[in-house]
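Novice: Can you keep this structure in mind? I'll have questions shortly.
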Amino acid sequence: MELFFQSVINSFIQGGFFALWAVGLVLVFGVMGVVNFAHGELVMVGAYTVWVLHSQYGIGYIPALCIAVLLVMFIGLLMERFLFRPKQGDPLGGLINSIGVLFILQVAALVVGGTGPAKQVAPPFPGTLIIQEFLRIPNQRLFSIAVAVAALLLLWFFLTKTKLGWSLRAVALDREAAALQGININRTSMIAIGVSGALAGLAGALMAPISNIYPTMGHNVIITAFIVTIVGGIGSLSGAVLAAVLYAFLHTFVTAYFSGTIATMCGLLIMVLVLIVKPTGIMGQKVSE
Amino acid sequence: MLLSLQDVHVHYNKIAALQGISIEVEEGDFVTLIGSNGAGKSTTLRTISGLERPSAGEIRFKNQSLTRLPPDRILKLGVAQVPEGRRVFKDLTVLENLHLGAFTRGDQAAIKSDLESVFGHFPRLLERSQQLAQTLSGGEQQMLSIGRALMSDPILLLLDEPSLGLAPIVVEEIAKILLEINKRGVAIVLVEQNAELALDLAKRGYVLETGNVALQGEASSLARNEHVKTAYLGI
Ligand SMILES: Nc1ncnc2c1ncn2[C@@H]1O[C@H](COP(=O)(O)OP(=O)(O)O)[C@@H](O)[C@H]1O
Ligand SMILES: [Mg+2]
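Sequences listed follow chains A and B, in order. Counting the first sequence from 1 gives a position; this note's numbering is that position plus 19. Counting the second sequence from 1 gives a position; this note's numbering is that position plus 153.
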């Protein structure tokens, strides 16, 4: 019973991360039509930034987190300008370019952090919240889930309540019709990848104190983001968030009662099933919200 | 001269869709382009709006070249388009669609008054303003697409087959509104397969055949032309 309740809590925390990973991928795919394979590496860079600035140079955790967000956002903007924009209308070219970035960032992480054991960041918010003796939530995780949920709510507000947000969704729904309304597609792409990068950087910075940091940590991120995106319905942000929470429950429980590898295998199996049975995903339409 | 196309050629991967067409539109004009399927009518409008690049020729609007401008810049100059197939943003509400039509504008008071005038033309859009565009009927979506284009406060309005697939009574309603919009000084280029309707509404017309202008002139004289009668009016 204790394991059960603990797993429920862990599932929500995991779900927050899964959603944070996936929405950035969905946003870039929807607006730019590019599958950004380097999205997991962007998260990794966010985590490394916190490790370098906070653990190595003693800069406060919050400032380090903010710098990670800005740095990864900036990397995203560079990718848009120099790798994706020249490949507009060529999804395969964009994808191959993003795989190039994936390797470059992994090598950069090796250069910065060296080989050897995974890095760790001491939790800046130590201590544990204990509820009713049997539920234990480390404060660091509470902080992470709160920030993740706040970021997702902010994104939701931006996309549904602001004119700029509507313009992003319009481009995702119909590029040409959006261009005919005077929406600048390149500028919209920069906003999409900027937001996507910022969320990836944030996810990495939030993960830094609670997980291992190593150059290929992005693999798990991209696999999870793919599963969540496809199950949620490619291009559907609300579908991705819902699928993230559902998949987090499955993943956490299977990990708790069996093992993490089996959990990921289950996820991939579900993804394949969705692709076969309902390729439009559980939220079943095209793109947005 | 408000808009002029001079000897414009457009190719889709080496296949010529327009083979040197020249078209002129005066301020406040009402011009129609008629022609059968595949004649190049949509390509003409898409090229004016910057969605296709001419391989040769020149397009000028208010003495400015449009030939190399992207679609968003062309819209800002005052050329709006109601594209073929309506192309409303289906997952957005009616109101959000209309606001996106005014995306490049900053003057909130002017936007508000244009919104009211669009709702004046199309009261049904007001009733459905909070609904998603995908819940609208075909005719309502066409009205939304026209309203969205009007929200940019255009000088020139391009419409690509607005009557397609609509009930005659809705077509009539839209025709009436196009005349009203034109009376207020907005120049219109109307592409139609329904040549009878188009020649009835427009002042002048061009007949496109396989990427060329086959005939041009006053709409009323085109309507009396023997070739137009047999080929497009079914008389
Ligand atoms: N995207 C495209 N790719 C290739 N050929 C096209 C494309 N769009 C139109 N065409 C061709 O260009 C010609 C003109 O098409 P279009 O301008 O759509 O004609 P209309 O609107 O008069 O029916 C046709 O032969 C059509 O097959
Ligand atoms: Mg057409």
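All C-beta atoms, glycine included, are put in the ideal place defined by N, C-alpha and C.
1. Give me the Cβ distance between B:V271 and B:L303, rounded to the nearest whole Å; I'm assuming they're in contact under 8 Å.
2. Is B:A192 near ligand 1, in the sense that its beta carbon is under 7 Å from a heavy atom of that ligand?
3. Determine whether the beta carbon atoms of A:F153 and A:E21 lie at a separation below 8 Å.
4. Does any residue of chain A have a CB that is nearer than 8 Å to the CB of B:F242?
5. Kindly indicate if chain A contains any beta-carbon less than 8 Å away from that of B:F214.
6. Consider the Cβ of A:D193: report whether some Cβ of chain B lies at a distance smaller than 8 Å.
7. Exposed or buried, A:I295, counting other C-beta atoms within 10 Å across all chains shown (16 or more means buried)?
8. Using a Cβ-Cβ cut-off of 8 Å, state whether B:S305 counts as contacting chain A.
9. Looking at the C-beta of B:F256, does it have a partner C-beta in chain A at a distance below 8 Å?
10. In three-state terms, what does DSSP make of A:S230?
11. Considering only heavy atoms of ligand 2, does any lie closer than 7 Å to the CB of B:E237?
12. Are the C-beta of A:K106 and some C-beta of chain B separated by less than 8 Å?
13. With 8 Å set as the bound, which would you pick, yes or no: does the beta-carbon of B:H252 sit closer than that to a beta-carbon of chain A?
14. Suppose the cutoff is 8 Å on Cβ atoms and the five residues either side in sequence are ignored; what does the same chain contact list for A:L261 look like?
15. Distance cutoff 8 Å, beta carbons only. Does A:W185 sit that close to anything in chain B?
16. Whole angstroms is fine: what's the gap from A:R206's alpha carbon to B:S374's?
17. Does B:S290 come out as helix, strand or coil in the three-state DSSP assignment?
18. For B:E362, which residues from the same chain have a beta carbon less than 7 Å from its beta carbon, with the 5 sequence-adjacent residues on both sides left out?
19. Using a cut-off of 7 Å between C-beta atoms, extract the partners of A:G201 located in chain B.
20. Does the Cβ of B:I334 have 16 or more other Cβ atoms within 10 Å, making it buried, or fewer, making it exposed?
21. Kindly indicate which residue of A:I115, A:V64 and A:F268 has the alpha-carbon position closest to the one of A:Q127.
22. Compare the C-alpha of A:G35 against each of A:T134, A:I249, A:I123 and A:I164 and name the closest.
23. Mind checking whether A:F37 and A:T243 have CB atoms under 8 Å apart?
24. Determine whether the Cβ of B:L337 lies closer than 8 Å to any Cβ atom of chain A.
25. Which residue or residues does DSSP assign as beta-bridge partners of B:A340?
26. Quick one: what's got a C-beta closer than 6 Å to B:A351's C-beta in the same chain, skipping five residues either side?
27. Can you tell me where the alpha helix (DSSP H) with A:A262 in it begins and where it stops?
28. Restricting to Cα atoms, I'd like to know which of B:V381, B:K167, B:Q234 and B:L230 is closest to B:P207.
29. Let's see if you can read the secondary structure: which residues bound the beta strand (DSSP E) around B:Y359?
30. In this structure, does DSSP put B:G231 in helix, strand or coil?
31. Output yes if chain A places a C-beta closer than 8 Å to the C-beta of B:L245; else output no.
32. Nearest-angstrom Cα distance between B:K229 and B:V235?
33. Near A:A259, which residues of its chain fall below 6 Å by C-beta distance, leaving aside the five closest residues on each side in sequence?
34. B:Q172 bridges to which residues according to DSSP?
35. For A:I315, which residues of its own chain have a beta-carbon under 7 Å away from its beta-carbon, when the five flanking residues on both sides are left out?
36. Assign A:P2 to buried or exposed, taking buried as 16 or more other Cβ atoms, counted over all protein chains shown, within 10 Å of its Cβ.
Specialist: Inspection of the coordinates gives the following:
1. Here residue 271 of chain B is taken as the residue at index 118 of the second sequence, counted from 1. Here residue 303 of chain B is taken as the residue at index 150 of the second sequence, counted from 1. Rounded, the Cβ-Cβ distance is 5 Å, consistent with contact.
2. As a working note, residue 192 of chain B is residue 39 in the second sequence. Within the cutoff, so yes.
3. For the purposes of this step, residue 153 of chain A is taken as the residue at position 134 of the first sequence. For the purposes of this step, residue 21 of chain A is taken as the residue at position 2 of the first sequence. Between A:F153 and A:E21, the C-beta gap is smaller than 8 Å, which places the two residues in contact.
4. By 1-based counting over the second sequence, the position of residue 242 of chain B is 89. B:F242 counts as touching chain A.
5. Position 61 of the second sequence, counted from the start, is the residue given in the question as residue 214 of chain B. Taking Cβ atoms only, chain A never reaches closer than 8 Å to B:F214, which makes this a no.
6. The residue you call residue 193 of chain A lines up with position 174 of the first sequence. With 8 Å as the cut-off, A:D193 counts as an interface residue toward chain B.
7. Position 276 of the first sequence, counted from the start, is the residue given in the question as residue 295 of chain A. A:I295 is exposed by the Cβ-count criterion.
8. As a working mapping, residue 305 of chain B is identified with position 152 in the second sequence. Yes, contact with chain A.
9. In the second sequence, counting from the first residue as 1, residue 256 of chain B sits at position 103. For B:F256, the answer is yes, since a Cβ of chain A falls inside 8 Å of its Cβ.
10. By one-based count along the first sequence, residue 230 of chain A stands at place 211. In the structure shown, A:S230 sits in coil (DSSP, three-state: anything other than H, G, I, E or B).
11. As a first step, residue 237 of chain B must be located in the second sequence, where it is residue number 84. Correct: B:E237 has its Cβ closer than 7 Å to ligand 2.
12. The count along the first sequence starts at 1 and reaches residue 106 of chain A at position 87. Cβ-Cβ to chain B under 8 Å: no for A:K106.
13. Taking the first residue of the second sequence as position 1, residue 252 of chain B is located at position 99. Among the CB atoms of chain A, one or more fall inside 8 Å of the CB of B:H252.
14. On the first sequence, residue 261 of chain A is found 242 positions in, with the first residue counted as 1. The residues are G251, I301 and M302.
15. The residue given as residue 185 of chain A occupies position 166 in the first sequence. Yes, A:W185 lies at the interface with chain B (some Cβ there is under 8 Å from its Cβ).
16. Stepping through the first sequence from its first residue, residue 206 of chain A is reached at position 187. Stepping through the second sequence from its first residue, residue 374 of chain B is reached at position 221. Taking the straight line joining both Cα atoms gives about 47 Å.
17. For the purposes of this step, residue 290 of chain B is taken as the residue at position 137 of the second sequence. Looking at B:S290 - three-state DSSP - the assignment turns out to be coil, as it is neither helix nor strand.
18. Counting from 1 along the second sequence, the entry for residue 362 of chain B is found at position 209. In the same chain as B:E362, and ignoring 5 residues on each side of it, the C-beta atoms closer than 7 Å to its own belong to G188 and A192, in chain order.
19. Along the first sequence, one-based indexing puts residue 201 of chain A at 182. Neighbours of A:G201 on chain B, chain order: D225, L228, K229, F256, T257 and S305.
20. Numbered from 1 along the second sequence, position 181 holds the residue referred to as residue 334 of chain B. Classification of B:I334: buried, given that the 10 Å Cβ count is 16 or more.
21. What you label residue 127 of chain A is simply residue 108 of the first sequence in a count that begins at 1. Correcting the residue identity first, residue 127 of chain A is Ala in this sequence and not Gln. Distance check between A:A127 and each of A:I115, A:V64 and A:F268 places A:V64 closest, using alpha-carbon atoms only.
22. Sequence index remark: in the first sequence, residue 35 of chain A carries index 16 (1-based). Comparing Cα positions, the closest option is A:I164.
23. Your numbering for residue 37 of chain A matches position 18 in the first sequence. Your numbering for residue 243 of chain A matches position 224 in the first sequence. With contacts defined as CB atoms closer than 8 Å, A:F37 and A:T243 qualify as a contacting pair.
24. One-based indexing of the second sequence puts residue 337 of chain B at position 184. The sequence given here places Arg at residue 337 of chain B; Leu does not occur at that position. By this cut-off, B:R337 is not an interface position.
25. On the second sequence, residue 340 of chain B is found 187 positions in, with the first residue counted as 1. Answer is B:L309, bridged to B:A340.
26. Start at 1 with the first residue of the second sequence, and residue 351 of chain B comes out as number 198. T185, I187, L343 and E345, listed in sequence order.
27. In the first sequence, counting from the first residue as 1, residue 262 of chain A sits at position 243. Start and end: L256 to Y276.
28. Counting from 1 along the second sequence, the entry for residue 207 of chain B is found at position 54. Of B:V381, B:K167, B:Q234 and B:L230, the residue nearest in Cα terms is B:K167.
29. Working through the second sequence from its first residue, we reach residue 359 of chain B at position 206. That run of the beta strand (DSSP E) goes R357 to E362.
30. Along the second sequence, one-based indexing puts residue 231 of chain B at 78. It is coil, neither helix nor strand.
31. Here residue 245 of chain B is taken as the residue at index 92 of the second sequence, counted from 1. Yes, B:L245 lies at the interface with chain A (some Cβ there is under 8 Å from its Cβ).
32. Taking the second sequence and counting its residues from 1, the one referred to as residue 229 of chain B is at position 76. Taking the second sequence and counting its residues from 1, the one referred to as residue 235 of chain B is at position 82. Roughly 15 Å between the two C-alpha positions.
33. Sequence index remark: in the first sequence, residue 259 of chain A carries index 240 (1-based). Result list for A:A259: A41, V42, V45, V247, T248 and G251, in chain order.
34. For this step, residue 172 of chain B is matched to residue 19 along the second sequence. Answer is B:H162.
35. In the structure displayed, chain A extends from 20 to 308; residue 315 of chain A sits before or after that span and is not available.
36. No answer is possible for residue 2 of chain A: it lies beyond the span of chain A, which begins at 20 and ends at 308.
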